[in-house]
Amino acid sequence: MPSALSASQVPNQFVECNGRRLAYRVIGDGTPMVLCLRFRGVMDSWDPAFLDELAELGFKVHVFDYSGLGLSGGTRTYDPASLARDTLELIAALGLSKVVLGGWSLGGIAAQVAMLQAPQLVSHLVLIGTTPPGQLVQTGEPLFYELAGRENDFEDFVKLFFEPSSTASREAAALCAERIATRQEGRCPEVPHEWAGQQLGEGPRNPMFPLQPALDALRTTRTPVLHLGGDHDIVFPVENWYALNRALPTLHLVTLPSTGHGPHMQYPQASARHIAAFVAG
1 MPSALSASQV PNQFVECNGR RLAYRVIGDG TPMVLCLRFR GVMDSWDPAF LDELAELGFK
61 VHVFDYSGLG LSGGTRTYDP ASLARDTLEL IAALGLSKVV LGGWSLGGIA AQVAMLQAPQ
121 LVSHLVLIGT TPPGQLVQTG EPLFYELAGR ENDFEDFVKL FFEPSSTASR EAAALCAERI
181 ATRQEGRCPE VPHEWAGQQL GEGPRNPMFP LQPALDALRT TRTPVLHLGG DHDIVFPVEN
241 WYALNRALPT LHLVTLPSTG HGPHMQYPQA SARHIAAFVA G
């Protein structure tokens, strides 16, 4: 049965992993799922409605802060190999043997690297608003690089994760922001935007994720892979996944309308249900 506590209420927990303390939260009870965070994300960046719906649908959802960020100790870095190591060491420390592994944005890159390194631990790979490895047919927009390295207000939030030209998307953004602000106790420190901007670079690159073995693994894996995207993602355009549609044998694609880099924020219940149907299928 799902946990009685919502994602905005569950306590922070900590586990020692090779000389550092990783912070994590658990929502629900059922099929184990581990979710990796976006660029500049901390545990409080997840929409509670999305996590609660996953729990309601029978998942035991684990979210966590990367080393040196949020409430976790250790050295901070956005090197995908280090983020994947955090992910795999958390899975090992919590005694999880097989998980639905998910990742949003940068976390999707981390999840792909983690699956490359330990495919036996992953039953399904769930990617949200992220990039495939290798050459891209469409790069992200310069606007993201302008927004990602500065302190963000609500308008930036809309531009980053929603569709500014859509009234419905703007309304969804306001509701999402309210939900994310719900937690009162034990909130995570934000990732310093100055430091994060230094890690990002000045503009879009092609490829964004140049690890060829990861693309080779996706071409040959038997693990089901889902990409859930928005139709106007200014960071990682969903068109790059459609370009690989016939090349990746287990790839499922779901694209949600009139939204941006946070489709699960605009459509939290629908996104969770798409993921549950994918895992059940």
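Here the sequence shown is numbered in the UniProt record's numbering, starting from 1 and rising by one per residue. C-beta atoms are modelled at their ideal positions from N, C-alpha and C, and glycine is treated no differently.
Selection from 215, 17, 70 that minimises the alpha carbon distance to residue 186 | 70
Going by CA-CA distance only, name the one from 18, 9, 78, 31 that's closest to residue 49.
-> 9
Separation of residue 142 from residue 203, as counted between CA atoms = 6 Å
Hey, how far is the Cα of residue 245 from the Cα of residue 238?
-> 11 Å
Test item: CB-CB of residue 80 and residue 118 under 8 Å | no
For residue 36, which beta-bridge partners are listed by DSSP?
-> 103
Kindly list the residues whose CB is nearer than 6 Å to the CB of residue 294, restricted to its own chain and excluding five residues on each side of it in sequence; keep chain order.
-> No information on residue 294 is available, as it lies outside the stretch 1 to 281 that the chain covers here.
Own chain residues within Cβ distance below 8 Å of residue 252, not counting five before or after = 224, 225, 226, 227, 278
Rank 189, 201, 25 by C-alpha distance to the C-alpha of residue 7 and give the top, closest one.
-> 25
Helix or strand or just coil, what does DSSP make of residue 160?
-> helix
Tell me residue 23's beta-bridge partners as DSSP assigns them.
-> 14
Residue 182, enclosing alpha helix (DSSP H) - first and last residue | Residue 182 -> no alpha helix (DSSP H), and no H or E assigned at all.
Residue 53: buried (16+ other C-beta within 10 angstroms of its C-beta) or exposed?
-> buried
Flag this pair as yes or no: are the beta carbons of residue 259 and residue 169 separated by less than 8 Å?
-> yes
Quickly, what does DSSP pair residue 143 with across the bridge? List them, please.
-> Paired residues: none, contrary to the question.
Endpoints, the beta strand (DSSP E) within which residue 209 is located | First-last for residue 209: undefined, no H or E at that position.
Buried or exposed (CB count within 10 angstroms, at least 16 for buried), residue 360 | Outside the displayed span of the chain (1 to 281) sits residue 360, for which this structure offers no information.
In chain order, which alpha helix (DSSP H) runs of at least 4 residues are fully inside the segment 197 to 281?
-> 212 to 220, 239 to 242, 263 to 266, 268 to 280
Neighbour-count burial assignment, residue 158, 16 or more Cβ in a 10 Å radius = buried
Taking residue 67 as part of the alpha helix (DSSP H), name the residues at either end of that continuous run.
-> That residue, residue 67, is in no alpha helix (DSSP H); it is neither H nor E in DSSP.
Measure the beta-carbon distance from residue 47 to residue 179 and round it to whole angstroms, keeping in mind my assumption that it falls under 8 Å.
-> 6 Å
If you run the structure through DSSP and keep just helix, strand and coil, what is residue 123?
-> strand
Return the bridge partner residues of residue 61 from the DSSP annotation.
-> 27, 33
Who are residue 128's beta bridge partners in DSSP?
-> 104, 228
Is residue 99 closer than 8 Å to residue 34 when the C-beta atoms are compared?
-> yes
Are residue 282 and residue 268 close, meaning C-beta to C-beta below 8 Å?
-> In this structure the chain extends from 1 to 281, so residue 282 is not present and cannot be described.
Answer with buried or exposed for residue 280, where buried requires no fewer than 16 other C-beta atoms within 10 angstroms of its C-beta.
-> exposed
When you compare each of 42, 177, 124, 213 to residue 78 by their alpha carbons, which one comes out closest?
-> 42
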